[in-house]
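Below you'll find the structure, written out as structure tokens, and then a few comments.
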């Protein structure tokens, strides 16, 4: 795993120095870096990988060598197959709501924690809508690292509770995620802490791309026609595209799936930038959606996401908050997978494209569920009314009822 | 997997008929049944099993043949190893808060759903403190089975939300779990539904015992000295003891761990029955603990739990609610594993025995975490105070602070 870093905007290359995060010439927003391995030295075979093992089975394509105890609790997440869902012959659900913090972000936090330890830092920080934060706090809990977390005060209670029990220094700030991000970067740099912020840290994406590897390995190297995933900052969608590309470039599969980044209608900055075309320019829009994890107006990895999508056949669509909410209960009731709003956004995206005739019944679609529904139960409260009964009422009611 | 059923109290054997739940002679409470396989026909080798695979790798020791899509989302849960925890050389944590419903109960619900389908039922029901219910509802969601759920009205919100999104018929009743159980049994029998009630259904334990198999396989067949698990009805603790016994009887390991069932001080009926000695008689006590999953006064599997513990070297201890609450944050902050109260109860039990000198530093203890902390965040609210900040406050505060 020898590698260097390359600016996604100007292609300039950098050595992976301890304090190297982004491109000097292009800046934090345009100049995010990609980790480039010496691919020609790698001779990986399909038999090298197992459907069930953790993410360190892909160590030749990861930027860290060591790992810690909790890392075993992420990776090898289930790839579930359902027949007839949404009228399709087969639908795959990659259920990433089952890691140690119950979100996809565990894949990235594992990279950040191991990198911080490797580089000798004593403190790691991050700005997050919630999942990255709770993931980092739990990933670092059993290490000597101190964790400082910047989140919007609107963070769902489940995610906040994870942060608090993990013993992190938690700073919930009464402003948007976008401003929280800027504040964290300013303070983190002044303090000289290790940064686990989306897009800024090039190694996070490397952890996240392992989900793409797993989808291919678990599906016996049959490449899905479509992969749906929700998009906030743009790092996860970029990571999936990079993962599929790496396995194709290494000859492990012979084509790419079409990756569809699904955004909430009220927070669709990445889609807007993609549609405006090259050169891709970062934007700052207003963000408003019930899907807190993707409520991002100033996406930090927009240039990478759009550049990768342009090169690798990806695209971006939107769904409404109403469709997201409906997707949560519909997916749970038809598959048993209970996702948080951002997790169900991907399913809503698939449904939209099926209804629009863009996904045919015999095409294989994979929905990536990025977070567990338990992380934000308030989101579905209104769509799940409940009645509480007295003992007599139940007995009376059931007597009359026939099922 | 030819098998018959045997009463744990009078040893009478029964054929596994579709409507056979408990022993006719001993009744529901004393006459719970054990599934007995033709062990002499089984020639299992260590190499037959993998540390990461799902629970159907143990199909020769399971009472169902088929399985459904969601089943892939349980089993092969992480066995984490921590050095130095609580002053012990090594501690294992079996993290079962990561299944499709984020609790250990998924192992049992998989059995119930497949059995109900196999036997041609159209409805499956259960009484539950919450985890068994949410697990059953999600396990059955994508099958043709209708699900009817009886729970106490005090069910934590996370578990209730899982039930509602899964589309189950949910009956939260304003009374104790113990009465809810009796009501469900009465109605379920009248209706002729399939019963997924703890202890009553002999097949549930078979799913649960796979956690014991996994602990042995994942720990490379090194048998822990102690295994700690929380106890409510007594089925999980019985299941672990049976699992360890089966692997020993089949020659896969040469000894048994000492299984320690940990109860809350306010709901310690199993411990009381065990201490009173044989013949073990069911009791009905008052139950009062913050650990909702084990708030059981009239434990349904007490005879089995005590009988197995007597035969296999198991024991029962108690911890206080205060110790349970403290265990949640202590375990999360030192390991990264966030458990619900009943899940942390096992850790509190280990701590108690370490402090009492009953577990030596070089002895290997395994803590079984039976549920995810996200299932009941209100339980830790009071022990995790939080301050929300204005933008200026944070910047000001961090300026002065040195870390």
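Residue numbers (our numbering), protein chains in the order written: chain A, 164 to 566; chain B, 164 to 566.
For glycine and all other residues, C-beta sits at the position ideal for the given N, C-alpha and C.
Quick caveat, the model's predicted, so the values are computed rather than measured.
Relative to the C-alpha of residue 312 of chain B, which candidate in B/292, B/320, B/484, B/319 has its C-alpha closest? B/292
Touching or not, the segment 284-303 of chain B and the segment 251-261 of chain B, by the rule of three or more beta carbon pairs under 8 Å? They do not touch, by the three-pair rule.
Short Cβ contact (9 Å threshold) for residue 138 of chain A with residue 394 of chain A: The structure shown does not extend to residue 138 of chain A, since chain A is modelled only from 164 through 566, so no value can be given for it.
Cβ-based burial, residue 305 of chain B [other Cβ within 10 Å; buried from 16]: buried
Helix, strand or coil for residue 469 of chain A, going by three-state DSSP, please let me know. helix
Contact set between the segment 273-299 of chain B and chain A, restricted to residues whose Cβ is under 9 Å from the partner: 285, 286, 297
Check whether residue 481 of chain A and residue 518 of chain A have beta carbons under 9 Å apart: A distance of 9 Å or more separates the beta carbons of residue 481 of chain A and residue 518 of chain A.
So, for residue 486 of chain B: in the same chain, excluding its five sequence neighbours on each side, which residues have a beta-carbon less than 6 Å away from its beta-carbon? 511
Once the 5 residues before and after residue 249 of chain B are set aside, which same chain residues still bring their CB inside 8 Å of it? 513, 514, 517
Any beta carbon from chain A within less than 9 Å of residue 267 of chain B's own beta carbon? no
Could you check what DSSP says for residue 535 of chain A in three-state terms: helix, strand or coil? DSSP places residue 535 of chain A in strand when its eight states are reduced to three.
Segments of 4+ residues assigned as alpha helix (DSSP H) that fall wholly inside the segment 275-337 of chain B: 294-303, 320-328
From the beta carbon of residue 513 of chain B, is the nearest beta carbon of chain A less than 9 Å away? no
Contacts around residue 565 of chain A, its chain only, beta-carbon distance under 7 Å, and the 5 residues preceding and following it disregarded: With a pLDDT of 49 at residue 565 of chain A, under the threshold of 50, the predicted position of this residue should be treated as unreliable, though the coordinate-derived value follows. If we look at residue 565 of chain A and ignore the five residues flanking it on each side, it has no Cβ neighbours.
Please name the residue, chosen from A/333, A/461, A/466, that lies closest to residue 345 of chain A on a Cα-to-Cα basis. A/461
Minimum length 4: unbroken alpha helix (DSSP H) runs contained in the segment 247-277 of chain B: DSSP runs (the alpha helix (DSSP H)) wholly in the segment 247-277 of chain B: none.
Using three-state DSSP, classify residue 243 of chain A as helix, strand or coil. Three-state result, residue 243 of chain A: strand.
Report yes or no: is there a C-beta of chain B within less than 9 Å of the C-beta of residue 251 of chain A? no
Does any C-beta atom of chain A lie closer than 9 Å to the C-beta of residue 558 of chain B? yes
With respect to the alpha helix (DSSP H) encompassing residue 510 of chain B, which residues constitute its N-terminal and C-terminal limits? 504-518
Cβ of residue 404 of chain A within 8 Å of any heavy atom in the ligand MG? The ligand MG is not among the ligands present in this structure, which contains no ligands whatsoever.
Using C-beta distances below 7 Å, list every residue in its chain close to residue 277 of chain A, excluding the 5 sequence neighbours before and after it, in chain order. 227, 229, 230, 231
Distance CB(residue 303 of chain A)-CB(residue 271 of chain A) smaller than 9 Å: Taking 9 Å as the Cβ cut-off, residue 303 of chain A and residue 271 of chain A do not qualify as a contacting pair.
Quick one: what's got a C-beta closer than 6 Å to residue 236 of chain A's C-beta in the same chain, skipping five residues either side? Result list for residue 236 of chain A: 263, in chain order.
C-beta contact flag for residue 549 of chain A and residue 368 of chain B at 9 Å: no
Please name the residue or residues paired with residue 421 of chain A in a DSSP beta bridge. A/389
For the alpha helix (DSSP H) containing residue 653 of chain B, name the first residue and the last one. Only positions 164 to 566 of chain B appear in the structure, and residue 653 of chain B is not among them; the question remains open.
Using a Cβ-Cβ cutoff of 9 Å, what residues of the segment 527-547 of chain A are near chain B? List them in chain order. 535, 536, 537, 538, 540, 541, 543, 544, 546, 547
Every unbroken beta strand (DSSP E) within the segment 439-505 of chain A, with a cutoff of 3 residues, ordered by chain: 478-482
Residue 357 of chain B - DSSP class collapsed to helix/strand/coil: strand
When DSSP labels each residue in this structure, what does residue 529 of chain A get in the three-state scheme? strand
The segment 370-378 of chain A in contact with the segment 349-356 of chain A per 3-pair CB rule at 8 Å: With the cut-off at 8 Å, the segment 370-378 of chain A and the segment 349-356 of chain A do not touch.
Residues bridged to residue 170 of chain B (per DSSP): B/196
Residue of B/562, B/559, B/552 minimising C-alpha distance to residue 314 of chain A: B/552
Going by the CB atoms, is the gap between residue 455 of chain A and residue 542 of chain A shorter than 9 Å? yes
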